[in-house]
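These notes are about the structure you will find just below.
There are 2 protein chains.
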Amino acid sequence: MFESFNPTPRILMGPGPSNVSPRVLGALSRPTIGHLDPQFIGLMDEIKQLLQYAFNTENTFTIALSAPGSAGMEACVVNLIEPNDKVIVCINGVFGTRLKENIERVGAQAIIVEDKWGDPVTLDKVEGAFKANPTVKALAFVHAETSTGARSDAKTLCQLAKKYNALSIVDAVTSLGGSELKVDEWGIDAIYSGSQKCLSCVPGISPISFSDKAVEVLKSRKSKVQSWFLDQSLVMNYWSGEGKRSYHHTAPINSLYALHESLLMLKQEGLENAWQRHHNLHLALKSGLEKLNIEFLVDEPHRLPQLNSVLIPNGIDDNTVRTALLSKYNLEIGAGLGQLAGKTWRIGLMGSTANEQNVALLIAALQDVLS
Amino acid sequence: MFESFNPTPRILMGPGPSNVSPRVLGALSRPTIGHLDPQFIGLMDEIKQLLQYAFNTENTFTIALSAPGSAGMEACVVNLIEPNDKVIVCINGVFGTRLKENIERVGAQAIIVEDKWGDPVTLDKVEGAFKANPTVKALAFVHAETSTGARSDAKTLCQLAKKYNALSIVDAVTSLGGSELKVDEWGIDAIYSGSQKCLSCVPGISPISFSDKAVEVLKSRKSKVQSWFLDQSLVMNYWSGEGKRSYHHTAPINSLYALHESLLMLKQEGLENAWQRHHNLHLALKSGLEKLNIEFLVDEPHRLPQLNSVLIPNGIDDNTVRTALLSKYNLEIGAGLGQLAGKTWRIGLMGSTANEQNVALLIAALQDVLS
């Protein structure tokens with residue numbers, strides 16, 4: 130009745146996961162060793178260094194959380210925010226909404242700055258919220274909204290947070306490895322990402338990094354972190370590289386082999402080169418979509434190269450097209466999410482997916498399916 | 130400076146991870162597809178059914194949580210327990226202590242029933258705690274204490290919980306697939322396990338199952354679950370198999386390929402056969418250890434076949450022996466944990482690790498290293 134699972138391979142041009150290269154899948158399937166094995170401790174140390182490279186940071190506390198990006202988001206919130214704290218949270222898509230939900234579940238007060246889905250966060254509104262609320266502990270926002278494809282100005286937002294003496298908490302799930310991101314230069318205090326977007330690793334891991342200031346805030350909390358699993362004051366000792374690691378949980382060993390390999394590939398390509406590749410492929414995609422008269426949701430200056438939200442043409446059925454792409458071409462694009470469901474498609478050009486071959490195929494396949 | 134990671138293979142005879150078979154590693158490295166792909170939805174449905182088989186349950190809510198066993202523990206606690214609830218928690222090792230920590234971080238009151246590390250939970254003490262506390266919401270205990278190798282009488286403990294109208298929350302991280310476990314027959318309300326013990330899958334996944342009564346308790350909560358990521362009322366809709374799944378997070382796709390394969394292997398062997406194999410290998414190990422005059426920590430009737438805590442012989446240095454086993458034989462055994470550190474070794478015979486070859490090698494290697 131049950132058989133081994135042998136999936137038909139797909140070309141993954143949705144909002145993640147992106148295609149995982151044979152090289153990363155090869156690393157993934159190397160023999161499992163113990164998580165306290167000296168070999169594995171060495172691997173964890175290298176992952177920390179490679180993540181520092183990818184994040185553009187020297188933050189000591191830079192690790193790979195043993196759970197997906199959603200848990201990375203929650204980890205940043207529950208470790209840095211305490212009950213009754215005030216947090217400004219910017220909502221311009223699904224993931225800003227999720228940040229608010231996390232903040233409220235801590236018992237903190239979320240001060241909402243709202244923008245239209247598809248627009249970036251409006252800087253003036255954020256400054257207004259800071260002026261109206263003098264005791265804000267943190268500003269939380271999404272750098273690259275995966276639900277809309279809009280990029281917000283993370284650098285200026287973090288400057289605003291600093292100006293008003295607040296921490297910055299940044300969602301970089303879709304930006305890490307795909308477009309400019311400079312944790313130290315921009316002064317980001319807490320950042321989380323996902324393994325399955327522009328790093329093109331398997332899903333299930335969330336790279337996170339805390340500034341020294343954020344670590345200080347964590348260490349001087351009045352109350353315990355409400356989550357034991359996500360308590361980074363404990364996780365920190367599991368990832369500390371000086372031979373005095375203390376057991377916390379069992380790391381997802383093989384997934385970390387894969388993350389190491391995908392980060393190594395990023396380093397070998399060069400971070401700036403990877404950003405440029407995503408940008409170039411976005412331009413190629415844009416040119417192809419224009420010929421099909423397909424329009425973008427997001428205004429040009431705010432578009433993410435790696436996540437392209439486009440408007441479903443009038444008279445075209447969302448599901449029919451996506452099903453046809455999948456069944457005829459083994460090609461996956463993403464549906465709209467939340468209030469954009471049925472109105473947009475999300476075309477991902479992330480990590481290993483971002484190459485000329487895939488862009489050409491998508492344009493040809495769309496042309497066929499839409500005709 | 131950085132290179133691809135190619136670990137020296139080890140024989141994993143510690144407390145987990147256990148050895149992952151080539152068959153499971155093969156499944157793990159199949160091409161990543163989307164988590165909303167119809168193929169993947171079919172896989173999730175099969176995983177639910179295979180987990181029901183492994184747990185001996187017909188519970189509708191039986192899923193694989195996208196994080197390690199520690200998160201499975203936390204999921205059971207935060208979903209079923211609310212602030213100010215009273216929970217009896219049995220502590221006879223590290224993981225009972227962790228349960229208490231989770232209960233207290235919810236803002237609930239932990240009523241502690243303590244036993245010596247290496248002993249099973251004393252049933253009379255639990256009944257005494259119920260009698261002394263008439264409004265207890267749940268009883269939480271560890272079926273198979275991974276830190277000591279002691280098995281508690283889960284069946285009778287769950288009967289006690291039922292008698293006093295309390296939910297039972299059971300840690301089966303080390304028991305699932307390795308020794309008798311009958312969720313429905315024993316009346317377990319909430320159970321969590323790990324992928325990397327007797328299932329011999331890669332680490333990072335926690336199988337969990339809730340009885341209908343537990344689901345009812347979750348659905349009639351007064352307050353929101355404090356963790357968004359672990360809120361099973363949301364996760365439930367992600368795992369629902371009737372074509373109306375709603376997005377929650379991105380599942381660890383490749384790890385679920387591996388879990389499916391390992392569960393399939395368990396079903397092909399037969400659950401009772403797997404329990405018998407663990408038992409037989411434990412007897413072979415015991416016989417070998419007796420010849421080396423190595424004694425068990427746990428009294429014979431309460432020993433877990435899959436996790437054997439033994440006393441480090443007088444005059445023998447813990448670390449020297451484990452290091453020698455690892456460097457000369459590529460063989461890992463576990464150190465003692467918590468108050469047993471330096472006093473015990475933990476010898477795992479879990480899942481794929483549990484075969485005659487490994488037992489023979491361990492005895493020979495120990496004989497060499499100890500001589």
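Chains as they are written, first to last, in the working numbering: chain P, 130 to 500; chain V, 130 to 500.
Where a beta carbon is used, it is the ideal one built from N, C-alpha and C, also for glycine.
| query | Excluding sequence positions up to five away, which residues of its chain have a Cβ less than 6 Å from the Cβ of A489 (chain P)? | reply | none
| query | Any C-beta of chain P sitting closer than 8 Å to the C-beta of V450 (chain V)? | reply | no
| Backbone CA spacing between L433 (chain P) and A273 (chain P) [nearest angstrom] | 7 Å
| query | Nearest CA to the CA of R159 (chain V): which residue from P:V149, P:Q178, P:V498 and P:D166? | reply | P:V149
| field | Beta-bridge pairing of E133 (chain V) - partner residues as DSSP gives them | value | It is Ser, not Glu, that sits at residue 133 (chain V) in the sequence shown. Bridge partners of S133 (chain V): none, in fact.
| query | Quick one: what's got a C-beta closer than 6 Å to T277 (chain P)'s C-beta in the same chain, skipping five residues either side? | reply | G222, W246, G247 and S438
| task | Using a Cβ-Cβ cut-off of 8 Å, state whether H389 (chain V) counts as contacting chain P. | result | yes
| query | In chain order, what residues of the same chain have a beta carbon less than 6 Å from the beta carbon of T186 (chain V), not counting five sequence neighbours either side? | reply | V312, D313 and S338
| message | Between T161 (chain P) and chain V, is any beta-carbon pair separated by less than 8 Å? | response | yes
| task | Report the residue ranges of all alpha helix (DSSP H) runs contained in full by the stretch 363-433 of chain P; include only those spanning at least 4 residues, in chain order. | result | 382-398 and 400-420
| message | Here's the rule I'm using: 16 or more other beta-carbon atoms within 10 Å means buried, otherwise exposed. How should V452 (chain P) be labelled? | response | Inspection of the sequence shows that residue 452 (chain P) is occupied by Thr rather than by Val. When all chains shown are included, T452 (chain P) counts as exposed.
| request: Using beta-carbon positions only, say whether I162 (chain P) and R139 (chain V) come within less than 8 Å of one another. | output: yes
| said: Short of 8 Å in beta carbon distance, which residues of its chain neighbour I220 (chain V), apart from the five on each side in sequence? Order them along the chain. | reply: T226, L228, K229, I241, V242, E243 and D244
| message | Quick check: L385 (chain P) and I176 (chain P), are their CB atoms within less than 8 Å of each other? | response | yes
| query | For L141 (chain P), does the three-state DSSP call read helix, strand or coil? | reply | strand
| request: Step through the CB atoms of chain V and report whether any lies within less than 8 Å of the CB of F184 (chain P). | output: no
| query | Hey, out of V:T137, V:L400 and V:S335, whose CA is closest to L194 (chain V)'s CA? | reply | V:S335
| task | Mind listing the chain V neighbours of D166 (chain P)? Cutoff is C-beta to C-beta under 7 Å, in chain order. | result | R139 and E461
| request: May I ask which residues mark the beginning and end of the alpha helix (DSSP H) holding L490 (chain P)? | output: E485 to L499
| request: Compare the C-beta of G492 (chain V) against all C-beta atoms of chain P and say whether one is closer than 8 Å. | output: The sequence given here places Ile at residue 492 (chain V); Gly does not occur at that position. Answer no: the Cβ-Cβ gap between I492 (chain V) and chain P never drops below 8 Å.
| request: Just tell me which of V:R374, V:Q325, V:Q178 and V:E132 has its CA closest to the CA of H506 (chain P). | output: Residue 506 (chain P) cannot be examined here, being either before or after the span of chain P that is shown, 130 to 500.
| task | Give a yes or no on whether 8 Å exceeds the smallest Cβ distance from T379 (chain P) to chain V. | result | yes
| Would the stretch 418-435 of chain P and the stretch 285-297 of chain P be scored as touching if the rule is three or more Cβ pairs under 8 Å? | no
| task | Rounded to whole angstroms, what's the CA-CA distance from D166 (chain P) to N366 (chain P)? Just pull it up for me. | result | 16 Å
| query | What residue range is occupied by the uninterrupted alpha helix (DSSP H) comprising A319 (chain P)? | reply | Segment A319 to Y321 is the beta strand (DSSP E) holding A319 (chain P); no alpha helix (DSSP H) there.
| Can you name the residues of chain V whose CB is closer than 7 Å to the CB of Y386 (chain P)? | F134
| query | Around the C-beta of A493 (chain P), are 16 or more other C-beta atoms found within 10 angstroms, so that it is buried, or is it exposed? | reply | exposed
| Roughly how many whole angstroms lie between the Cα atoms of N213 (chain P) and Q238 (chain P)? | 6 Å
| Unbroken alpha helix (DSSP H) runs of length 4 or more, entirely within the stretch 176-230 of chain V: which are they? | 198-209
| Using the rule of at least 16 other Cβ atoms within 10 Å of the residue's Cβ for burial, across every protein chain shown, is A319 (chain V) buried or exposed? | buried
| field | Cβ-based neighbour list, F190 (chain P), same chain, cut-off 7 Å, excluding 5 preceding and 5 following | value | S338, F339, V344 and M365
| task | Report yes or no: is there a C-beta of chain V within less than 8 Å of the C-beta of W357 (chain P)? | result | yes
| request: Please compile the residues from chain P whose C-beta is within a distance smaller than 9 Å of the C-beta of P197 (chain V). | output: S195, A196, F358, H378, T379, A380 and P381
| L305 (chain V) versus chain P: which residues are under 8 Å apart at the beta carbon? | Those within 8 Å of L305 (chain V) in chain P number zero; the least Cβ separation is about 15 Å.
| query | Name the DSSP beta bridge partners of R350 (chain V), please? | reply | Partner(s): none; R350 (chain V) has no beta bridge.
| task | Check whether the Cβ of V271 (chain P) lies closer than 8 Å to any Cβ atom in chain V. | result | no
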